[in-house]
């Protein structure tokens with residue numbers, strides 16, 4: 213059995229996007245095993261996928277060149293891979309690639325399309341086009357190895373028993389997050405007809421969502437109450453998820469739940485729409501020629517007014533829910 217050593221260490225959503233690619237690649241190539249090396253807390257993402265062995269590490273244990281050499285030696289001794297898939301292509305993984313090549317292993321890495329994305333996010337570029345989806349870029353790495361991979365881009369629901377709406381109002385960067393007053397009003401309207409479950413991460417997010425739970429009937433805060441496995445199980449049982457361009461969209465894809473996604477400074481054109489999610493479930497301000505101005509939402513608004521978020525009409529989300 214061919215054994216592929218793959219690595220991607222961050223970010224959460226990007227690691228989650230490897231999962232449906234692994235699943236379909238391995239179904240189409242049953243004589244292959246993937247050893248996935250990533251952060252320990254991501255392990256639950258890969259549970260239940262045949263022929264995937266997850267190796268969780270703490271990157272603080274492998275700092276610098278000597279640390280990465282130590283990691284590479286440990287992985288070779290433990291798994292004896294036939295080749296390497298670099299699904300990250302950052303400085304740390306470039307160093308690992310060089311070490312593995314010196315050990316005689318063939319290394320295949322992702323093409324992130326950096327120049328295409330820089331052109332896409334140029335605010336003066338008026339010719340915006342859809343770039344290759346990130347999941348296809350992951351699949352390309354295996355295609356370079358000589359394998360056949362045809363992604364379905366279809367959701368696979370875990371269960372037919374679905375109820376309630378999930379809502380994840382937060383994102384890592386301001387450019388990807390709807391103003392909280394708009395999110396609050398959206399929940400207030402939706403909760404009149406649906407049970408709404410809140411998802412989030414940090415302490416401040418948890419406090420905000422607990423406050424919303426107290427103030428808005430028919431809502432339930434789950435932030436800070438579930439581990440990753442439990443969170444995935446709960447999302448699998450939702451009728452739909454509402455998320456920013458954030459990890460929760462990709463978690464919904466992982467468990468086959470439809471997601472209505474909200475986009476501000478970023479845009480699905482950059483290739484980060486969740487696997488199997490429908491373009492018609494994307495809600496965004498369409499008539500701003502400056503969008504997208506950022507791939508990750510981490511840039512300041514060059515106009516200074518954040519029009520992509522401040523002018524966002526929550527009725528668009530409500531209409532998609534009602535559809």
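Residue numbers (the numbering used here): 213 to 535. For each residue, glycine too, the CB sits at the ideal point set by N, CA and C.
- [ ] Take every Cβ of the stretch 455–471, pair it with every Cβ of the stretch 317–329, and state whether three or more of those distances are shorter than 8 Å.
- [x] no
Open item on the list: Does the stretch 470–481 come into contact with the stretch 498–516, if we say contact requires no fewer than three beta-carbon pairs (one atom in each stretch) closer than 8 Å?
Closed with: A contact exists between the stretch 470–481 and the stretch 498–516.
Open item on the list: Does the contact criterion of 3 or more C-beta pairs under 8 Å hold for the stretch 483–490 versus the stretch 357–373?
Closed with: yes
Open item on the list: Please give the ranges of any alpha helix (DSSP H) in the stretch 277–335, keeping only runs that are unbroken, at least 4 residues long and fully inside the region.
Closed with: 303–314, 326–332
Task: the stretch 346–353 touching the stretch 225–239, judged by at least three CB pairs closer than 8 Å - done: yes
- [ ] Compute the beta-carbon to beta-carbon distance between residue 280 and residue 307, rounded to the nearest angstrom, for a pair I have assumed lies under 8 Å.
- [x] 5 Å
TODO: Please look up how many angstroms separate the CB atoms of residue 458 and residue 384, rounded, as I've assumed it's under 8 Å.
DONE: 7 Å
Task: Chain-order list of residues whose beta-carbon lies under 8 Å from that of residue 258 (same chain, five-residue window excluded) - done: 231, 234, 248, 264, 266
Task: Beta-carbon gap between residue 359 and residue 241 smaller than 8 Å - done: yes
Task: Residue nearest to residue 312 in terms of C-alpha spacing, selected from 294, 389, 369 - done: The residue among 294, 389, 369 with its C-alpha nearest the C-alpha of residue 312 is 294.
TODO: State buried or exposed for residue 214, treating a residue as buried only when at least 16 other CB atoms are found within 10 Å of its CB.
DONE: exposed
- [ ] Just list the beta strand (DSSP E) runs in the stretch 413–456, keeping only unbroken ones of 3 residues or longer that don't cross its boundaries, in chain order.
- [x] Fully enclosed beta strand (DSSP E) runs of 3 or longer: 431–433, 452–456.
TODO: Identify whether residue 248 lies in helix, strand or coil by the three-state DSSP scheme.
DONE: Three-state result, residue 248: strand.
Open item on the list: Assuming residue 471 is part of the beta strand (DSSP E), what are its boundary residues?
Closed with: 471–475
TODO: Kindly indicate which three-state DSSP category residue 467 falls into: helix, strand or coil?
DONE: coil
Task: Short Cβ contact (8 Å threshold) for residue 516 with residue 451 - done: no
TODO: Please go through the same chain and pick out, in chain order, the residues whose beta-carbon is closer than 6 Å to the beta-carbon of residue 254, but skip the five residues on each side of it.
DONE: Contacts found: 227.
Task: Option in 413, 429, 387 with minimal Cα separation from residue 407 - done: 429
- [ ] Would you kindly check if the distance between the Cβ of residue 454 and the Cβ of residue 469 is under 8 Å?
- [x] no
- [ ] Give a yes or no on whether the C-beta atoms belonging to residue 533 and residue 472 are separated by under 8 Å.
- [x] Going by C-beta atoms, residue 533 is nearer than 8 Å to residue 472.
Open item on the list: According to DSSP, is residue 160 part of a helix, a strand, or is it coil?
Closed with: For the chain, the structure presents residues 213 to 535; residue 160 sits outside this window and is missing.
TODO: Run the proximity test for residue 519: is its beta-carbon closer than 7 Å to any non-hydrogen atom belonging to the ligand FMN?
DONE: With respect to small molecules bound, the structure shown includes none, and the ligand FMN cannot be examined in it.
- [ ] Just the C-alpha distance for residue 262 and residue 244, rounded to the nearest angstrom, thanks.
- [x] Cα to Cα, the separation comes out at about 10 Å.
Open item on the list: Rounded to the nearest angstrom, what separates residue 427 and residue 524 at their Cα positions?
Closed with: 23 Å
- [ ] State the DSSP-derived secondary structure class of residue 380, mapped to helix, strand or coil.
- [x] strand
Task: C-beta atoms of residue 424 and residue 411 nearer than 8 Å - done: no
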